[in-house]
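Chains as they are written, first to last, in the working numbering: chain A, 20 to 523; chain B, 20 to 523. A quick write-up on the structure given underneath.
Protein chains: 2
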Amino acid sequence: MPDTLRFADAESDPSIPKDEAKAQEAELRAALLKAQYDRLAKADRSLLIVVAGIDGVGKGGTVNLINEWMDARHIRTMAFGPPSDEAQQYPFLWRYWRQLPAKGRTGIVFGSWYAPLFDALASKNPKRGKIERLASSICDFETLLVRDGVQILKLWYHLSRDAQKERTAMLLSDPETSWMVRPEDRLVAKNFKRVRRAAGTMLNLTDSSLAPWHVIPSADERMRAIATGDSILQALHDPPHKVSALAATGPWRPSSESASQEGGRRLRRLTQVDYSVKLAENEYDDQLAHLRGRLARQVRSKAFEKLPVVLVFEGHDAAGKGSTIRRITHALDARQFRAVPVSAPSPEELARPYLWRFWRELPAPGELTIFDRSWYGRVLVERVERFARPAEWRRAYQEINQFERQLTDSGILVLKFWLAITKDVQLERFRDRERSPFKSFKITPEDWRNREKWAAYTVAANDMFDLTDTSYAPWHVVSSNDKRHARVYVLEQIVKAIDTRLAQ
Amino acid sequence: MPDTLRFADAESDPSIPKDEAKAQEAELRAALLKAQYDRLAKADRSLLIVVAGIDGVGKGGTVNLINEWMDARHIRTMAFGPPSDEAQQYPFLWRYWRQLPAKGRTGIVFGSWYAPLFDALASKNPKRGKIERLASSICDFETLLVRDGVQILKLWYHLSRDAQKERTAMLLSDPETSWMVRPEDRLVAKNFKRVRRAAGTMLNLTDSSLAPWHVIPSADERMRAIATGDSILQALHDPPHKVSALAATGPWRPSSESASQEGGRRLRRLTQVDYSVKLAENEYDDQLAHLRGRLARQVRSKAFEKLPVVLVFEGHDAAGKGSTIRRITHALDARQFRAVPVSAPSPEELARPYLWRFWRELPAPGELTIFDRSWYGRVLVERVERFARPAEWRRAYQEINQFERQLTDSGILVLKFWLAITKDVQLERFRDRERSPFKSFKITPEDWRNREKWAAYTVAANDMFDLTDTSYAPWHVVSSNDKRHARVYVLEQIVKAIDTRLAQ
Chain A
20 MPDTLRFADA ESDPSIPKDE AKAQEAELRA ALLKAQYDRL AKADRSLLIV VAGIDGVGKG
80 GTVNLINEWM DARHIRTMAF GPPSDEAQQY PFLWRYWRQL PAKGRTGIVF GSWYAPLFDA
140 LASKNPKRGK IERLASSICD FETLLVRDGV QILKLWYHLS RDAQKERTAM LLSDPETSWM
200 VRPEDRLVAK NFKRVRRAAG TMLNLTDSSL APWHVIPSAD ERMRAIATGD SILQALHDPP
260 HKVSALAATG PWRPSSESAS QEGGRRLRRL TQVDYSVKLA ENEYDDQLAH LRGRLARQVR
320 SKAFEKLPVV LVFEGHDAAG KGSTIRRITH ALDARQFRAV PVSAPSPEEL ARPYLWRFWR
380 ELPAPGELTI FDRSWYGRVL VERVERFARP AEWRRAYQEI NQFERQLTDS GILVLKFWLA
440 ITKDVQLERF RDRERSPFKS FKITPEDWRN REKWAAYTVA ANDMFDLTDT SYAPWHVVSS
500 NDKRHARVYV LEQIVKAIDT RLAQ
Chain B
20 MPDTLRFADA ESDPSIPKDE AKAQEAELRA ALLKAQYDRL AKADRSLLIV VAGIDGVGKG
80 GTVNLINEWM DARHIRTMAF GPPSDEAQQY PFLWRYWRQL PAKGRTGIVF GSWYAPLFDA
140 LASKNPKRGK IERLASSICD FETLLVRDGV QILKLWYHLS RDAQKERTAM LLSDPETSWM
200 VRPEDRLVAK NFKRVRRAAG TMLNLTDSSL APWHVIPSAD ERMRAIATGD SILQALHDPP
260 HKVSALAATG PWRPSSESAS QEGGRRLRRL TQVDYSVKLA ENEYDDQLAH LRGRLARQVR
320 SKAFEKLPVV LVFEGHDAAG KGSTIRRITH ALDARQFRAV PVSAPSPEEL ARPYLWRFWR
380 ELPAPGELTI FDRSWYGRVL VERVERFARP AEWRRAYQEI NQFERQLTDS GILVLKFWLA
440 ITKDVQLERF RDRERSPFKS FKITPEDWRN REKWAAYTVA ANDMFDLTDT SYAPWHVVSS
500 NDKRHARVYV LEQIVKAIDT RLAQ
């Protein structure tokens, strides 16, 4: 539809008589509360209400109103101003991810992820590239949330130019209300055409069946309130989207149609690894000390203060992830890295989209986060053990690629290592562990069970390489039957990659 | 003891032969793991290991070692450098509070709350006032943590001046290890006497039976490792301190010995409130609009950008806390305030000291946090309903005063309101709520049960006024049988208090 046609209704500035509003309000409030409690009791989804609209239409009052009408104890207002110095160090969506409400709960987002897109669209010289990048990040973000249990209701508050002007003038005329008018509000009438066009484009760019926009007529306070309540009530009653059907059309292909053989790409399949590579002890000591010294100097350099680094370690049990990570952290200052061992999610984490826990651990510039297992659990253990439904892990490849793209786009260096061992070496190491009094904790019945699913894990790993080995975050498959070789190889890749980035 | 005597052992630089160390290490590692798992299974306490010591003794390596010896999945290394811009906006202890591990878990604190105290003591011109303030904040902080389920093990790594010098020289001589020496490390030998005296004073100032210091001889790497492991093992085996006996000697006095009648102080007891005060509707409308306008202008002023504000609302059920808060938030920009409704703690919150959840919600400069119920729950509902043991709620008065002192010392304006109603007015409001389809959610069987304990709540409230009405964070007891009077009165106090602060 033409960008601005959807505003026709709102710009007719409909109103609602006092008596009628009063009756409707009473009914609405009771229904809203009931729906809120039903949702809380089920706790299968959270609700995000995005409050947006042109300036000077009373959005702030609406947030108060929602809190008054519903049970405020289960609502969190998340108001975002311009990003802080801290937030600016992270990907654009970082601060929204951090505050996602748990399932059952409601969040009101004020000054949402739409603020930068709207500003870009309403600028006098709109930059096409930036607009497209923002819009597609937003669509990816919302799609992922909705599919993963976050319902999104997007409200756009709108009125005619005359009504906006009139409202602003009325508030200004009384010294007791003039504070409600912000400088931005006064500019709206002047630039109404531009603002309106920007809004129309934005709504069209980001409207989707998963997270649709609702335009709320805002000239009349009562109308605004009732329409807001109606939209929320509808959303609370809405059954979860049939996302599985949608999700199944995702980018997943069975591994037989692998893309990893194309052109001159490195080998990416576990069967192609040369497991016989070895490094002698004296060579190992020399190279390890040398590489560690280089890494230590790199991370202490001035230039590194601007570089955030994410290291991901995956591999079969007993592949040597932990000991390799310790060889790396030995060269780092404890104040600049975080080693994050990833095991089964906590209840707090289960109540949110699976990527939430990883967003919380992202490094700031000058920091490294080392993930001992990672978001790839979604397409490895969750796939093999059926903790995730096929629709969920199939769409995860794309979600992960988008996630890593957001990290690298914001300047984070992402390095992913798969430590590859053979089944017999795993057996040796399991037996070793069982014999050692201080390693036996590392071996549990679960490890033996996982071992039985070796083939399934290998298939999952190969699919993962096929579908998530991107130019911006490539996989390193590391021959690891010889621990010494693996450690030196990994350190070498890290040092090289940091060198390349610091030289830029 | 003389400040530096406790270092005599460590400065004899004891060492341990390789074979002996190897045998001990194997035994220690197995025992540490077992103790760690036992602790996890019980989950009654967390363990904080503070790693501190003079520079250049291998503290960083020790952190790696602990992670290697124990199961790193249940350990969190919390390394603090100089505070970020964000952290500087909050009280000194804010960033340590935020990261407290849950019960059962272990945190290694590196660059702890001792860093600023040590710097102050080692400076060429030590400032007595600052040192005392820091030391007493630290003691209060640790006492509270220990009593509330956080065990604290404080390790001070020490060696002789010669050994430190030798270690630094040795590391520097090899290009592959020279990076391990930081500029600070080189200065230690030069200033050894001063550093040593500062350390001695610090340990004496902050040693306590609840959180004692252990000096770890650090010249010999094996000795350092074994001594560290031994200390941790001992701590993990330690039964919880008998803190209840200690706690009972706290500052609590029965309300008959009240201090609130002293001098010209405002009335502070619920029986002394004049419940008949009323405000006519037209006066109310005028005053409300006027005060709201003033508040709105205040919080939008340039000067307010530097002021953080905490508002606390307490009172019997149906006292009007929620509706009063909404009258305030109406004047605020949604981006600058957070309304925090406080109900029963979540599992995540229960696993940590009770003040933890409130530390997480503190405002930055230019922000307001409004608590609808608060930390006073500890001495109100938790006392009356026996969720807290007598020893716990009795010591809470002092803990709360210390907490509020830390807030106000860091520049936060703290205003506390008790909305006082009579028992018959509560009954009226309960009945009103039951009749209203959209207020009935506010009234539950629990409210009726609480009502039966009206007298007990009143006693608890009076004790609270006696013991927490401080000069830096005074209580405002607000006659609230008439909602209009209460709202206007509260707004007035807020506007006045902010005015006073902005004028400073």
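We treat Cβ as the ideally placed atom computed from N, Cα and C, and that holds for glycine.
- Item | Pick from 233(A), 209(A), 163(A) that is closest to residue 180(A), judged by C-alpha positions | 209(A)
- Message: Going by DSSP in three states, residue 40(A) sits in which element: helix, strand or coil?
- Response: helix
- Item | Per-residue DSSP class, three states only, for residue 425(A) | helix
- Strand pairing of residue 8(B), partner residues [DSSP]: Residue 8(B) is absent from the model: chain B starts at 20 and stops at 523.
- Item | Neighbourhood of residue 458(A) by C-beta distance below 8 Å, restricted to the same chain and skipping five residues each side | 451, 452
- Message: Output needed in chain order: residues of the stretch 315-336 of chain A with a Cβ under 8 Å from some Cβ in chain B.
- Response: 315, 316, 319
- Task: Check the Cβ of residue 509(A) against every Cβ in chain B and list those closer than 9 Å, keeping chain order.
- Result: Here the premise fails: no neighbours, minimum Cβ distance about 17 Å.
- Output the boundary residues of the beta strand (DSSP E) element that contains residue 68(A). 65-72
- Query: Whose CA, out of 226(A), 215(A), 506(A), 485(A), lies closest to the CA of residue 302(A)?
  - Reply: 506(A)
- What residues in the stretch 22-41 of chain A have a beta carbon less than 7 Å from any beta carbon of chain B? none
- Unbroken stretches of the beta strand (DSSP E), 3 residues or longer, contained in the stretch 78-118 of chain A: 94-98
- Query: Does the beta carbon of residue 341(B) sit closer than 8 Å to a beta carbon anywhere in chain A?
  - Reply: yes
- Going by the CB atoms, is the gap between residue 65(A) and residue 170(A) shorter than 8 Å? yes
- Measure from the C-beta of residue 202(A) to each C-beta in chain B and report whether the shortest distance is under 8 Å. no
- Measure the C-alpha to C-alpha separation of residue 395(B) and residue 292(B) and round it to an integer number of angstroms. 20 Å
- Query: Alpha carbon to alpha carbon, what distance is there between residue 131(A) and residue 111(A)?
  - Reply: 11 Å
- Message: So, with DSSP's three-state summary, where would you put residue 127(B)?
- Response: strand
- Item | Nonlocal neighbours in the same chain, by C-beta distance under 7 Å from residue 407(A), ignoring five residues either side | 397, 401
- Message: Against residue 135(B), what residues of chain A qualify as contacts under a CB-to-CB distance less than 8 Å, listed in chain order?
- Response: Within 8 Å Cβ-Cβ: nothing; residue 135(B) doesn't reach chain A, min ~15 Å.
- Query: If we ignore side chains and look at the alpha-carbon of each, how far apart do residue 71(A) and residue 483(B) end up?
  - Reply: 43 Å
- What residues from the stretch 171-201 of chain A come within 9 Å of chain B, judged by C-beta to C-beta, listed N to C? 193, 194, 195, 196, 197, 198, 199, 201
- Tell me whether the beta-carbon of residue 134(B) lies closer than 8 Å to the beta-carbon of residue 153(B). no
- Query: Over what stretch of residues does the alpha helix (DSSP H) that includes residue 235(B) continue unbroken?
  - Reply: Here residue 235(B) belongs to no alpha helix (DSSP H); instead the beta strand (DSSP E) covers 232-236.
- Query: Can you name, in chain order, every residue of its own chain whose Cβ lies under 7 Å from the Cβ of residue 226(A), other than the five neighbours on each side?
  - Reply: 232
- Query: I think residue 93(B) touches residue 124(B), with their Cβ atoms under 8 Å apart; what is that distance to the nearest whole Å?
  - Reply: 5 Å
- Three CB pairs or more closer than 8 Å across the stretch 147-162 of chain B and the stretch 94-109 of chain B: no
- Tell me, which residues are paired with residue 174(B) by DSSP? 70(B), 233(B)
- Message: Would residue 352(A) pass as an interface residue toward chain B - the criterion being a Cβ-Cβ separation below 8 Å?
- Response: yes
- Distance, Cα to Cα, residue 309(B) vs residue 344(B)? 17 Å
- Task: Answer yes or no: does any C-beta atom of chain B fall closer than 8 Å to that of residue 52(A)?
- Result: yes
- Top-ranked residue by Cα proximity to residue 58(A), from 74(A), 252(A), 185(A): 252(A)
- Message: So, for residue 214(B): in the same chain, excluding its five sequence neighbours on each side, which residues have a beta-carbon less than 7 Å away from its beta-carbon?
- Response: 73, 141, 207
- Message: Do residue 393(B) and residue 377(B) have their beta-carbon atoms positioned less than 8 Å apart in this structure?
- Response: yes
- Message: So, with DSSP's three-state summary, where would you put residue 349(A)?
- Response: coil
- Task: Jot down the residue ranges of each uninterrupted beta strand (DSSP E) in the stretch 152-209 of chain A, minimum 3 residues, whole runs only, in chain order.
- Result: 169-177
- Query: Mind checking if residue 364(A) is an interface residue toward chain B, Cβ cutoff 8 Å exclusive?
  - Reply: no
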